[in-house]
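Numbering (my numbering), first residue to last: 820 to 1497.
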């Protein structure tokens, strides 16, 4: 048991022995001197260390500050060389090593041909007290050591005082207590000195650390001013700008490609289509125009000749009837001559019997007038019957011709509608050109028909004028003998005029499909109407001369001879003019059938030609369909090529994006990994 307690007793005795040394009155003073000297030594060493660190910072600061802010990229090599030469002290080597590592994070950026050095990492991540090993380190615990030493020595002194007090209690308690208090007061001087030394050194430690932090912050600010930091936001903005530029480039490229592809489609293809349509439809238009002009011209000529033949035949028959009437008038004139001769002999032999002779003459004149009236009535009836049959034939022929022309016009209209539909579906421009050419052909045909109608009207006008002149001459010469028969003839001629008016109206209604023919028929009816009106006006003075019959009795003999010769000449002239007029009308009306037949033949040939042109238009349509199919295939091929090109460019840009991503990753790898010391 004693063996186990022996080590503890030895340790206690050793501590008490060491504590007994501090029981001396001079011990607190020596301990205070020791602590103050230790404080001075530690403060001096700390200040020297801080000075070396500040010197290293100031050297690198001065080297970097020599280069202007806007010319840092040009002098960066000189700066690297100057900083690398800082290897005198350990602190300078640490700063140079940190700068070397920081330079590895720099990136040379080409901005408009100018090389600019940019940093991907903040300088504070390399130039800080922890990474440069410029922290307080061991010096951080020095203030605590001063306090610990003072307290330890104080407690040792108290232990020694308490131990000595236990041995001195036997002599007197008051003296032992007084000694304990004296020793305790002396020992607390050591604790107070250690605490003061700790406070002073802590102030110096914090002051040096603050100077170092201020200097390193100034260095970081200097470096930041001369470099441009590449942040993730900057990289994102640059990438966005590059993407926008690439998109604009692709869009511009696509627009240019579409423009290059679409230009031949907008310019060459429409021009080729229009030229093809023009070349294909020009012969059709020319043929249609030629056939229209020829057909209409032949139709007008045939119609004119047919109408002339029919009118001539009718006028010939009328002339024959008028000739018969003239012969009867001549016989009547001879009988009147015989009567007048007898009356003259009686007047020469017996003037006294004048009254009776006048009465006898009146009776003879009445009988003669009745005989002439009956003769003229019979001739007029025959003439009217002949003219009625002639005009009925003219009317029938005209009606047949009009119906045939109407059917032909309907066929032409249906064919024109079909052609117009096909031409409109084939090409709008061709339809417009065909319409223009057809309008020109129609105007030319209208001009031709108008000219033909003008000639016909002029012929009718001349004939009517001659008839009017002959009638006026006849009425003037036969005013004393043929008043009432001529009045009857005038009335009959008015009826004939009415029938001719009806015939002209029927002709006008039948030829409504042809504008020019209707105008010609209307002009002809107007001419006949004016002729009839002239005959009516000519009958008025004849009527007025009936009152002068009694006055003209004395000149009966001479006027009878002159009247008979004048009547014969007028009848002959009238017959010749009527024959000519009827012959012309016969020729004109007789040519209607041939004109209609010729028109139908021309229309059939025109329809055949138009069918051929329709077939050509169908072939043109097929060619256009093939051209559009080829155009669609070319456009699809161009779009596929453009899509492949875009894919190729995207695949080419992906390595660049990967490179930028690797640069960002490398920049992140350059960040220091060592932790701060706590």
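For glycine and all other residues, C-beta sits at the position ideal for the given N, C-alpha and C. Keep in mind that this is a model prediction, so the values were computed, not measured.
Item, Value
"Decide if the segment 1059 to 1077 is in contact with the segment 946 to 962; the criterion is three or more beta carbon pairs, one per stretch, under 8 angstroms apart.", "no"
"Within 10 Å of its beta-carbon, does residue 833 have 16 or more other beta-carbons around it, so buried, or fewer, so exposed?", "exposed"
"Just checking, does the segment 864 to 875 make contact with the segment 901 to 914 on the three C-beta pairs under 8 angstroms criterion?", "yes"
"Could you tell me whether the segment 859 to 870 touches the segment 1012 to 1024, using the rule of 3 or more Cβ pairs below 8 angstroms?", "yes"
"From 933, 1055 and 923, pick the residue whose C-alpha is nearest to that of residue 942; which is it?", "923"
"Taking residue 1037 and residue 880 to be in contact with their CB atoms under 8 angstroms, please state how far apart those CB atoms are, rounded to whole angstroms.", "7 angstroms"
"If we ignore side chains and look at the alpha-carbon of each, how far apart do residue 899 and residue 919 end up?", "8 angstroms"
"Which of the three DSSP states, helix, strand or coil, is assigned to residue 949?", "coil"
"State the Cα-Cα distance for the pair residue 850 and residue 958, rounded to the nearest angstrom.", "21 angstroms"
"Within 10 Å of its beta-carbon, does residue 1009 have 16 or more other beta-carbons around it, so buried, or fewer, so exposed?", "buried"
"Does DSSP classify residue 889 as helix, strand or coil?", "helix"
"Taking the alpha-carbon positions, what's the residue 858 to residue 1013 distance?", "9 angstroms"
"Suppose you measure from the CA of residue 933 to the CA of residue 1449; what does that come to, to the nearest Å?", "53 angstroms"
"Run through the DSSP bridge pairs and tell me what residue 1048 is partnered with.", "938"
"Which residues mark the beginning and the end of the alpha helix (DSSP H) in which residue 944 is found?", "Premise fails: residue 944 is in no alpha helix (DSSP H) and is neither H nor E."
"Name the DSSP beta bridge partners of residue 928, please?", "935"
"Nearest-angstrom Cα distance between residue 766 and residue 1075?", "Outside the shown range of the chain (820 to 1497) lies residue 766, about which nothing can therefore be said."
"Look at residue 891 and residue 917 and say whether their C-beta atoms are less than 8 angstroms apart.", "no"
"Output needed for residue 962: all residues of its chain with C-beta closer than 6 angstroms, excluding positions within five of it in sequence on either side, in chain order.", "1017, 1020 and 1021"
"If you scan the segment 866 to 920 from start to end, which runs of the beta strand (DSSP E) of 3 or more residues do you find wholly inside it?", "none"
"Around the C-beta of residue 1078, are 16 or more other C-beta atoms found within 10 angstroms, so that it is buried, or is it exposed?", "exposed"
"Can you tell me the Cα-Cα spacing of residue 1040 and residue 1063, whole angstroms?", "35 angstroms"
"Do residue 895 and residue 936 count as a contact pair if the criterion is CB distance below 8 angstroms?", "yes"
"Within the same chain, show all residues whose beta-carbon is closer than 8 angstroms to that of residue 1024, passing over the 5 residues directly before and after it, in chain order.", "865, 955, 958, 959, 961 and 962"
"Counting C-beta neighbours from all protein chains within 10 Å, is the total for residue 1048 16 or more, i.e. buried, or is it exposed?", "exposed"
"Contact check, residue 1030 vs residue 869 under 8 angstroms by CB: the rounded distance?", "6 angstroms"
"So is residue 975 buried or exposed if we call it buried at 16+ other beta carbons inside 10 Å?", "buried"
"Just verifying my parser: in three-state terms, what is the DSSP assignment at residue 955?", "coil"
"Taking all protein chains shown into account, decide if residue 1124 is buried (16 or more other Cβ within 10 angstroms of its Cβ) or exposed.", "buried"
"When the Cα atoms are used, what is the spatial distance from residue 1146 to residue 1153?", "11 angstroms"
"If residue 1006 and residue 977 are in contact, beta carbons under 8 angstroms, what's the gap, nearest whole angstrom?", "6 angstroms"
"Grab me the residues of residue 887's own chain with a C-beta within less than 7 angstroms of its C-beta, minus the 5 sequence neighbours each way, in chain order.", "none"
"Quick one, are the C-beta atoms of residue 883 and residue 1045 less than 8 angstroms apart?", "yes"
"Just mark residue 825 as buried or exposed, buried being the case when its beta carbon has 16 or more other beta carbons within 10 Å.", "exposed"
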